[in-house]
Amino acid sequence: MEKCPFCKARYRQGGACARCEADLRQLLIIEADAGRLARRAIHGLLSGDSATSRKQAAAACALHATPFHRALEGFCKTVQGVDGT
């Protein structure tokens with residue numbers, strides 16, 4: 000997270016925004032979960048399991064649709080289409 004979604008202050012560290020004191024813990028958990036799903040998708044690609052990698056990438060994108068997660072999902076779709084699984 001780069002900025003607080005409520006007041007747009009630069010995010011530093013911790014569970015609350017330094018400016019508006021909004022509780023950001025749940026958002027940070029969701030962001031971390033999306034990162035774990037993306038890593039699982041990459042691991043699936045490396046192990047040749049394109050179907051699982053596509054599902055993991057889609058789940059990561061659903062939680063936190065960063066440009067990287069969207070690109071990973073698109074790549075997984077392409078790979079799955081190429082290998083036919």
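Counting from 0, one number per residue, gives the positions in the sequence shown under numbering that gives the first Met the number 0. All residues carry an ideal CB built from backbone N, CA and C; glycine is no exception.
Going by beta carbon distance, what residues of the same chain come within less than 7 Å of A33, once the five residues before and after it are set aside?
The residues are A59, L62, H63 and H68.
Short of 7 Å in beta carbon distance, which residues of its chain neighbour T51, apart from the five on each side in sequence? Order them along the chain.
G43
Less than 8 Å between the CB atoms is what I'm expecting for R18 and A8, so what's the real figure, rounded?
For a cut-off of 8 Å, the C-beta gap from R18 to A8 is around 4 Å, short enough to register as a contact.
What does a CB cutoff of less than 7 Å around A15 pick up in its chain, not counting 5 residues either side in sequence?
A21, D22 and L23
Within the region 0–55, note down every full alpha helix (DSSP H) run reaching 4 residues or more, in order along the chain.
24–46
Option in E72, P66 and F5 with minimal Cα separation from R39
Distance check between R39 and each of E72, P66 and F5 places E72 closest, using alpha-carbon atoms only.
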